[in-house]
Amino acid sequence: MTVKEWLKKEPARIHDYETQRFLIGLTALALPFLVTLVYGRIISSISAYYYTISRNLFVGLLFITGFFLLVYNGRYYYEALISKVAALCAVGTALSPTGFPEDIVIHREELEAVIRSAERLHYVASILLFAQLIFLCLCFARRAKMKGDRTSGGRRLIYLVCAGLMSLSLLAYPLLWIICAIPQAALNRFHLLYFAEAIALISFGIAWFTAGKPVQHWKNFRKR
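Here is the structure:
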């Protein structure tokens, strides 16, 4: 098929849920790489890029993720409900900045109380977001097990591994800080929170990217 013929093809009127998963996964997968690339270096956390030139990318990609989660319904009502709440959490994470990172800006006392309140909302929204995304990954794994076709076993393994990595990433920082009593300054020195958030986002992206069946999606696209 030539480029001219491809451009004249009639596109699909709506995107199916596999395409939505594909786009959600692609957006989440790109977020940690793009914000780091634009700013030029790794900092204390991905959320801290809010205070850098990468802010528009950070907020914009979270809004895009929230939009796709909002219109995603899945196959059951509980999946639709969870995805809607996750969409609100994604937007809440974008709109409520984390605390001022010491490796970027000077601490501003006059905004301390405002930022502290926003930081609480940021953490609550982001934790709830990842918790719901982990649950949806487990839903994908259960569905793949029920299908039992040639490729479902591999997809199920990917979903379970991604859910496990997201869970570990979510728990790593508080476990090391609160339970293991490692000083927060030491954790920030090695950018632990950044890598935990990056692993969680990449795992989320891979799981949803896989659920979107990109190879089959591409084949169907070429047949249109």
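The working numbering puts the sequence shown at residues 6 to 229. Idealized CB from N, CA, C, for every residue including glycine.
(1) According to the Cβ coordinates, are TYR199 and SER50 closer than 8 Å?
(2) Thinking PHE95 and LEU74 are a contact (beta carbons under 8 Å), I'd like their distance in whole angstroms, please.
(3) According to DSSP, is ARG148 part of a helix, a strand, or is it coil?
(4) Going by beta-carbon coordinates alone, are ILE207 and LEU34 separated by less than 8 Å?
(5) Could you give the residue range of the alpha helix (DSSP H) that holds GLU107?
(6) So, under 8 Å CB-CB, PHE145 and ALA216 are touching, yes? Tell me the CB distance rounded to an integer number of Å.
(7) In the DSSP assignment, find the alpha helix (DSSP H) that holds ARG46 and state where it starts and stops.
(8) CB ALA201 to CB ALA177, shorter than 8 Å?
(9) DSSP three-state label for ASN78, please.
(10) Could you work out which residue in GLY104, PHE105, PRO106 and PHE68 is closest to LYS89 when comparing CA atoms only?
(11) Starting from the Cα of LEU42, find the closest Cα among LEU31, SER59 and PHE27 and give me that residue.
(12) Note down, in chain order, each residue of its chain lying with its Cβ closer than 6 Å to the Cβ of TYR77, except the 5 sequence neighbours on either side.
(13) Looking at C-alpha atoms only, which residue of ALA136, LEU170, PRO179 and SER131 is the closest neighbour of ALA99?
(14) Could you check if ALA212 is buried or exposed, using at least 16 other CB atoms within 10 Å of its CB as the buried criterion?
Quick answer:
(1) yes
(2) First, the residue type needs correcting, since residue 95 is Ala and not Phe in the sequence shown. Rounded, the Cβ-Cβ distance is 6 Å, consistent with contact.
(3) helix
(4) yes
(5) From DSSP, GLU107 is part of no alpha helix (DSSP H); its letter is neither H nor E.
(6) 5 Å
(7) Neither: ARG46 is in no alpha helix (DSSP H) and is coded neither H nor E.
(8) yes
(9) coil
(10) PHE68
(11) SER59
(12) GLN25 and SER88
(13) SER131
(14) buried
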